[in-house]
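Working notes, beginning with the structure itself.
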């Protein structure tokens with residue numbers, strides 16, 4: 193059943209944060225999109241998974257900003273970032289407990305773009 197797969201994925205990600213750290217930007221964005229497009233964020237497991245994905249993305253953006261400062265191209269596509277923002281924002285509208293994770297991710301995006309814009313021009 194589809195619900196069982198989602199619960200299993202959420203539980204696995206929660207118990208194994210290393211798995212999330214090993215995911216590519218595209219994989220993180222696609223998992224978030226899959227949950228958001230099906231409205232799955234009403235369980236504790238899915239809430240934790242989405243918060244973990246948002247927090248991982250925020251940390252990665254902070255690392256990416258440091259790379260840009262030394263001239264290394266970013267490892268993400270803007271599409272992945274926008275897909276993540278849409279997904280987490282959509283799910284946050286059904287689950288207010290994701291607000292902090294969403295705000296942290298959006299803050300990281302703002303700091304990344306504002307902190308690196310002058311270096312890209």
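Numbering (the numbering used here), first residue to last: 193 to 313.
For glycine and all other residues, C-beta sits at the position ideal for the given N, C-alpha and C.
Quick caveat: nothing in here was measured; it's all calculated off a predicted structure.
Nearest-angstrom Cα separation, counted from residue j out to residue i
{"i": "residue 229", "j": "residue 294", "result": "17 Å"}
{"i": "residue 248", "j": "residue 263", "result": "23 Å"}
{"i": "residue 267", "j": "residue 288", "result": "30 Å"}
{"i": "residue 216", "j": "residue 306", "result": "24 Å"}
{"i": "residue 292", "j": "residue 284", "result": "10 Å"}
{"i": "residue 255", "j": "residue 231", "result": "30 Å"}
{"i": "residue 265", "j": "residue 274", "result": "18 Å"}
{"i": "residue 260", "j": "residue 279", "result": "26 Å"}
Within 7 Å, strictly: CB atoms of residue i and residue j
{"i": "residue 276", "j": "residue 224", "result": "yes"}
{"i": "residue 212", "j": "residue 235", "result": "no"}
{"i": "residue 269", "j": "residue 304", "result": "no"}
Limits of the alpha helix (DSSP H) - the one that residue i falls within
{"i": "residue 229", "result": "217-229"}
{"i": "residue 238", "result": "236-261"}
Contacts around residue i, its chain only, beta-carbon distance under 8 Å, and the 5 residues preceding and following it disregarded
{"i": "residue 315", "result": "No statement about residue 315 is possible, as the shown extent of the chain runs from 193 to 313 and does not include it."}
{"i": "residue 220", "result": "212, 245, 248, 249, 272, 276"}
{"i": "residue 281", "result": "294"}
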